[in-house]
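Sequence order for the protein chains is A and B. Numbering-wise, our numbering puts 57 at position 57 of the first sequence, and it's gapless, one number per residue. Numbering-wise, our numbering puts 1063 at position 63 of the second sequence, and it's gapless, one number per residue. We put the CB at the ideal spot given by N, CA and C, even for glycine. Let me begin by presenting the structure, written as structure tokens, before commenting on it.
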Amino acid sequence: NAGVMQNPRHLVRRRGQEARLRCSPMKGHSHVYWYRQLPEEGLKFMVYLQKENIIDESGMPKERFSAEFPKEGPSILRIQQVVRGDSAAYFCASSPPPNSYEQYFGPGTRLTVT
Amino acid sequence: QQQVKQSPQSLIVQKGGISIINCAYENTAFDYFPWYQQFPGKGPALLIAIRPDVSEKKEGRFTISFNKSAKQFSLHIMDSQPGDSATYFCAASKNGGFKTIFGAGTRLFVKA
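Here it is as structure tokens:
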């Protein structure tokens, strides 16, 4: 039973480019969460999605960031016009219905903006 | 009110010793308190969790102690081993758990 998968594992982007991070939840899991981790810090909640629905995006910056979880395929976290401050590790987690208490994390995507 | 405060920031323990990490919260609506273990370059892994209706939960060498009146909880690692060297995060969530709030983390190093 494969765990949560994220790709790419490492992503380098120049300032102004777009970053697309992908997350495939564990089999049977319909809830997906994105977190951001800055160096030497804890994880900060960004967004919670179910298939075709954004349930809570209160942790997402208002501009340049968006997330989706389509009916088919992985969840995508998209960062437009990246800036140096976007450099961080981005983790995806998933959980089975009906609630979100037990979250299983992927290995993360480490984004570096040059 | 949404914060979870974790201490110490780093911890060095001798092999075979007890590692203790503490967390405190403010929001009494939190109803689930997990601990995560993270190795360098990896994602956090759920280690053990507790609900506020019990004061202690033990799984192998890992024990959570929960003090509801003080709004504090702690992780105890008995017989600490070098393989336990990792960063540990406490967390708290409510209302189904989707918005988990993490502490800042404790970097544990167990000396052989």
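**Asked** Are there three or more Cβ pairs, one per stretch, closer than 8 Å when the region 98-105 of chain A is compared with the region 1001-1011 of chain B?
**Response** no
**Request:** Answer yes or no: do residue 18(A) and residue 80(A) have a C-beta to C-beta separation smaller than 8 Å?
**Result:** Position 18 of the first sequence, counted from the start, is the residue given in the question as residue 18(A). Position 80 of the first sequence, counted from the start, is the residue given in the question as residue 80(A). Result yes, Cβ atoms of residue 18(A) and residue 80(A) sit closer than 8 Å.
**Message:** By DSSP's criteria, residue 102(A) is part of a beta bridge. Which residues make up the other side?
**Reply:** Your numbering for residue 102(A) matches position 102 in the first sequence. For residue 102(A), which the question treats as bridged, DSSP gives no partner whatsoever.
**Asked** What is the rounded straight-line gap between the Cα of residue 83(A) and the Cα of residue 1102(B)?
**Response** For the purposes of this step, residue 83(A) is identified with residue 83 of the first sequence, where counting begins at 1. For the purposes of this step, residue 1102(B) is identified with residue 102 of the second sequence, where counting begins at 1. Taking the straight line joining both Cα atoms gives about 25 Å.
**Prompt:** Taking contact to mean at least 3 C-beta pairs separated by less than 8 Å, is the region 19-30 of chain A in contact with the region 65-81 of chain A?
**Reply:** yes
**Members of the region 96-107 of chain A that neighbour chain B once the beta carbon cut-off is set at 9 Å** = 98, 99, 100, 101, 102, 103, 104, 105, 106 and 107
**Prompt:** Which residues of chain B have a Cβ atom closer than 7 Å to the Cβ of residue 68(A), listed in chain order?
**Reply:** In the first sequence, the residue the question calls residue 68(A) occupies position 68. Residues of chain B passing the Cβ test: none, with the nearest at roughly 17 Å.
**Item:** Beta-bridge pairing of residue 1037(B) - partner residues as DSSP gives them
**Value:** Looking up residue 1037(B) in the second sequence gives position 37. For residue 1037(B), which the question treats as bridged, DSSP gives the partners 1045(B) and 1088(B).
**Request:** Tell me whether residue 84(A) sits in a helix, a strand or coil according to DSSP, three-state version.
**Result:** Translated into the one-based positions of the first sequence, residue 84(A) becomes position 84. Three-state DSSP puts residue 84(A) in a helix.
**Prompt:** Is there at least one Cβ from chain B nearer than 8 Å to residue 55(A)'s Cβ?
**Reply:** Within the first sequence, residue 55(A) is the residue found at index 55, counting from 1. For residue 55(A), the answer is yes, since a Cβ of chain B falls inside 8 Å of its Cβ.
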